[in-house]
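Residue numbers (the numbering used here): 82 to 404.
Note that the Cβ used here is the ideal one computed from N, Cα and C, for glycine as well.
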Amino acid sequence: MKIYDTKDIRNVALLGHPGSGKTILAECMLFEAGEITRRGSIEEKNTQSDYTNIEQERGNSIFSTLMHASWKDSKINILDTPGFDDFMGEVASALKVADTGLMLLNARSGVEVGTELIWDFSEQMHTPMLFVVNQLDHDKADYDTTLEQAKERFGAGKVIPFQYPLNQGEGFNSIIDALRMVMYVFPPEGGKPEKQPIPESEKERAQQMHNAIVEAAAENDEELMEKFFEDGSLTEEELTAGLRMAIAHRELFPLFCASGARNMGSGRIMGFINDVCPSPTDMPPAKLEGDGELKVDPNDSTTVFIFKTVSEPRVGNVSYFKV
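Structure follows, in structure tokens:
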């Protein structure tokens, strides 16, 4: 088994209102990473995370489930969480150990009650957040309205779109990526997209988004801001460092596009988690009860935090912990 340095670990929680597609996106992430050879479905009751009898009977997540995937040089720990408010304790425990949250927004419904409830938990725990507008293949998908709702509720200056769909709805197959300034065109079965130039008609919109991303990366670092104003741009390394810092301190909430049902967009999200999202060592120190704080440091003494204990048939009590 490969041993990962702390800087190469990403702890991610999938969050969202019931029906936003968390469990299916988890299937896509595992499939794209090569951890599974076939994507499961809710209907076939064979997803990796909803494996208990009661979850399969109900057709929704009840417990948080821990999975993992290797992506490039990183290990990405994925926590799939339930959406119903009856099970918010599972969400809260996942947020205690996640270094990034992926908040899924249903492109048909936008920001929903469950979205806001989970957001309040994430604010209390200072969890960095990415947004994913999912189900863009639905005939009633409305990316623009969903984006505006997210900006209005979670911060117009902080929710920054990194992508937008070229053709949402039943024919959805293309995503314009304003960070990389490229268009991804997916085959009908989804999976690995073809990179294409951004159409001439979309270049102005994409460039405006790109400029907003670069400015957001520079805002929290005086040196980067000075360089941005002097040169009008940042190197890839400077951009990555600026984005990581802004995300870790909840000054930036990037927004991505996906269709979990068609497996479109999940690979790019995994790549962004690997390249940009904070590792445990990038996170601000955790506040302890009373006085004091705890900073993740591989060279310091070992601290173990048990965030979940379950009783498994024929096994007994199993505790999950973060070191």
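{"Asked": "Quick one: Cα of threonine 162 to Cα of valine 172, how far?", "Found": "6 Å"}
{"Asked": "Taking the CB atoms as reference points, tell me whether glutamate 251 and aspartate 220 lie closer together than 8 Å.", "Found": "yes"}
{"Asked": "Here's the rule: buried if 16 or more other CB atoms are within 10 angstroms of the residue's CB, otherwise exposed. What is alanine 426?", "Found": "No answer is possible for residue 426: the residues shown for the chain start at 82 and end at 404."}
{"Asked": "Looking only at its own chain, which residues have a Cβ that is under 8 Å from the Cβ of valine 93, when we skip the five neighbours before and after it?", "Found": "Ile157, Asn158, Ile159, Leu160, Ala179, Asp180, Thr181, Gly182, Leu183, Ile354, Cys358"}
{"Asked": "Just the Cα atoms here: how many angstroms apart are alanine 342 and proline 209?", "Found": "26 Å"}
{"Asked": "Go through its chain and collect everything with a Cβ distance to isoleucine 387's Cβ below 6 Å, but skip five positions before and after it.", "Found": "Ser400, Phe402"}
{"Asked": "Is glycine 195 near proline 99, with beta carbons less than 8 Å apart?", "Found": "yes"}
{"Asked": "Is it buried or exposed for methionine 148, if we count other Cβ within 10 angstroms and need 16 for buried?", "Found": "buried"}
{"Asked": "What does the alpha-carbon distance come out to for the pair phenylalanine 405 and tyrosine 85?", "Found": "Outside the displayed span of the chain (82 to 404) sits residue 405, for which this structure offers no information."}
{"Asked": "Write down the C-beta distance between valine 213 and alanine 297 rounded to the nearest angstrom, noting that I regard them as a contact closer than 8 Å.", "Found": "Not quite, the Cβ-Cβ distance comes to about 18 Å (not below 8 Å), so this is no contact."}
{"Asked": "Should threonine 227 be labelled buried (16 or more other beta-carbon atoms within 10 Å of its own) or exposed?", "Found": "buried"}
{"Asked": "Closest to proline 394 by CA distance: which of Ile123, Thr118, Thr133, Leu111 is it?", "Found": "Thr133"}
{"Asked": "Would you kindly work out how many angstroms separate the C-alpha atoms of aspartate 154 and phenylalanine 243, rounded to a whole number?", "Found": "23 Å"}
{"Asked": "Which residue from Arg286, Ala150, Tyr265, Arg331 puts its Cα closest to that of methionine 206?", "Found": "Arg331"}
{"Asked": "Could you name each continuous beta strand (DSSP E) segment of 3 residues or more that falls completely within the segment 280 to 345, going from the start of the chain to the end?", "Found": "334 to 338"}
{"Asked": "Mind checking whether proline 335 and leucine 211 have CB atoms under 8 Å apart?", "Found": "yes"}
{"Asked": "Short of 7 Å in beta carbon distance, which residues of its chain neighbour serine 151, apart from the five on each side in sequence? Order them along the chain.", "Found": "Ala114"}
{"Asked": "Could you give the first and the last residue of the continuous alpha helix (DSSP H) run that contains phenylalanine 235?", "Found": "224 to 235"}
{"Asked": "Strictly by DSSP, which residues pair up with serine 392?", "Found": "Asn398"}
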